[in-house]
Every structure is written in structure tokens, then in C-alpha cells.
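38 is the number that this note's numbering gives to position 38 of the sequence shown; each next residue is one higher, with no gaps. Every residue gets a Cβ at the ideal spot worked out from N, C-alpha and C, and that includes glycine. Nothing here was measured: the structure is a model prediction, and the numbers come from that model. As C-alpha cells, the structure follows; a few thoughts come after it.
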Amino acid sequence: MNLTAISEASTYVKDQLKDAPAIGLILGSGLGVLGDEIENATVIPYSNIPHFPESTVSGHKGQLVIGTLEGKQVIAMQGRFHYYEGYSMQQVTFPIRVMKDIGIKSIIVTNAAGGINEDFQPGDLMLITDHINNMGNNPLIGKNDDALGARFPDMSQGYDKEYIEHAVKCADALGMSIQKGVYVGNTGPAYETPAEVRMLKTLGGDAVGMSTVPEVIVSRHAGIRVLGISCISNMAAGILDQPLTHDEVIETTEKVREDFIKFVKNIISSLP
Ligand code: HPA
1 MNLTAISEAS
11 TYVKDQLKDA
21 PAIGLILGSG
31 LGVLGDEIEN
41 ATVIPYSNIP
51 HFPESTVSGH
61 KGQLVIGTLE
71 GKQVIAMQGR
81 FHYYEGYSMQ
91 QVTFPIRVMK
101 DIGIKSIIVT
111 NAAGGINEDF
121 QPGDLMLITD
131 HINNMGNNPL
141 IGKNDDALGA
151 RFPDMSQGYD
161 KEYIEHAVKC
171 ADALGMSIQK
181 GVYVGNTGPA
191 YETPAEVRML
201 KTLGGDAVGM
211 STVPEVIVSR
221 HAGIRVLGIS
231 CISNMAAGIL
241 DQPLTHDEVI
251 ETTEKVREDF
261 IKFVKNIISS
271 LP
């Protein structure tokens, strides 16, 4: 990972800010609307930031939104980079390095995911308690730069326990029901086959998606505390007798938009 590239990107962003954000937000498919809630926002298209890749998926905007949310300074990614778009793992996670350099201490990572756990329903929100990296790659492969993190970072607390407890309390306070579970990261872009979904269930997965795992690995490498939230946008392949479409994913995330916004705002207002 190129330290000069990281610092050129972070300097470009920092030069446009008065206050340093402490909380990062990655807004997944259909969940970018939360970025529109940010007040006194500085909006920076990814294409303007030195060394940033560009987002290619519909439903993802491709910009940083930096400002105030619930009285906290936040930096939100409206749209993320996916491995299936053809980016390297290092490119997918480059924004995490940049946000770390800008000064974030915590990150809230969101995504749309297929429900493997049959107690789940489309529209449920799931707190990620752990993940399974099923992508066959890892963003930390290659020479380690000790300035960025340890060669062999601990992943036993990938998803911060205190943050999960905090989020559960927020859900209770709002009268929202919330699920918890293990997120499986697959490369995509093809959705899983029913046989693969049965395999992932046997392996201990509760939800499956095509993102998040690389960003969380790099966040932990960088010492950033992570909260992960999946929006269960559909039941994974083979659970219901119907084909999966990206339109269904976006439709469900639109339906839960208000609850999602309320929930994340409440979490941010009093994040430990
Ligand atoms: N599988 C993988 N990724 C997804 C899904 C799914 O069912 N739904 C949303 N993202």
C-alpha cells in the first residue's frame, strides 16, 4: 500500500474541511440516502480525489459526504468499491486507509445482504457479529507496512462488542426489532446457487453479500473500531421459490430507509 497515495488523497480531502470527522460511514446499495441527512455537508466526488477508484454500480453514487450528523462530525462514503467490479483488494479498501489518515476512530459499515438464516425476513436489519471471508483473497496480502498495522492482525474482535451492545440498546429504545448474525463475504457478481447457500448455512453464515469483509479487515488492521449493519434485502437463493434481482434488493432497502436512518442516527448520537 502506497503511503504517498494515501497521504495525497487525505490531504486533498482535509484541505476542504474545518473539523476532522471521527466517525466513518460506508453506505451500501440503496442505503446512500443516509448521506443526504448530513448537515453543512462538504460533498467530494470520488473522481476528484487523487488515487481514488470510481464506482460503477447503479444505486451507488460515488462521493464522500462530510459534515454533521446528530452533532457528530462524520465522513460518509455514498457508494463503495466492490471486488467484483475488477478492482484489486487494495483499491477496494483504499478509502479506509484515507479515512484513517483523516482521523476516524470508528466506522459504521452497511450493506444489503441475502438472508440465509430462515428466521430472517426481507427488510430486517442485522447487526454483524462476525464474518466469514469466502472471497479467496485478503486485502493485506503483500508486503506489510508496519506504519499501517500489524503483519498478523487479530480478527477475534472484528466487530466491536461494545458497539453491538450499544446498537442493541438503541434498537430497544426505538422499539425496533433487530437481528444479529454472521456475514459471509462472497465475491459475486453472480448471486449464489441454492447449493452454495446450503453450504454457507452449514458453515455458520446468517447472511451473504459481496462487500464489507475487505473493508473490515483493513479497518481492524488500522485499529479502527467497527460496527456492521446488514439490511436483509432478500432471502438468499433457493430459500424461496423465486429468482433474485438487483431491483428487489434496491426495493427492499427503499422500504426500510426510514428505520435504517432513524437507527443509525440514534447509534451515532451516543456512540461510545
Ligand atoms: N447474495 C449476495 N449478495 C447480496 C444478496 C444475496 O442474496 N442480496 C444483496 N446482496
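Secondary structure of residue 245 (DSSP, three-state): coil.
Taking a cut-off of 8 Å for Cβ pairs, the stretch 186-197 and the stretch 95-109 do not touch, as fewer than three such pairs fall below it. The DSSP assignment places no complete alpha helix (DSSP H) segment of no fewer than 4 residues inside the stretch 18-88. Within the stretch 104-158, the complete beta strand (DSSP E) segments at least 3 residues long are 106-115, 125-133, listed from N- to C-terminus. Taken through DSSP and simplified to helix, strand or coil, residue 237 comes out as strand. DSSP lists 114, 184 as the bridge partner or partners of residue 208. Between residue 23 and residue 72 the beta-carbon gap is near 6 Å, inside 8 Å, which marks them as a contact. Residue 185 sits close to residue 134, with the two beta carbons spaced by under 8 Å.
Under the criterion of beta carbons closer than 8 Å, residue 248 and residue 233 qualify as touching, at roughly 7 Å. When only Cα atoms are considered, residue 223 and residue 217 end up about 10 Å apart. Counted as a single uninterrupted DSSP element, the alpha helix (DSSP H) harbouring residue 194 occupies residues 194-202. Fewer than three pairs of CB atoms, one per stretch, sit closer than 8 Å, so the stretch 137-144 makes no contact with the stretch 230-245. Beyond the five residues adjoining it in sequence on each side, residue 32 comes within less than 6 Å, by CB distance, of 61, 78 in the same chain, given in chain order.
Judged by the Cβ position, residue 199 fails to qualify as a neighbour of the ligand HPA at the 7 Å threshold, every heavy atom of the ligand being at least this far. In this structure, residue 213 lies away from residue 160, with their beta-carbon atoms at least 8 Å apart.
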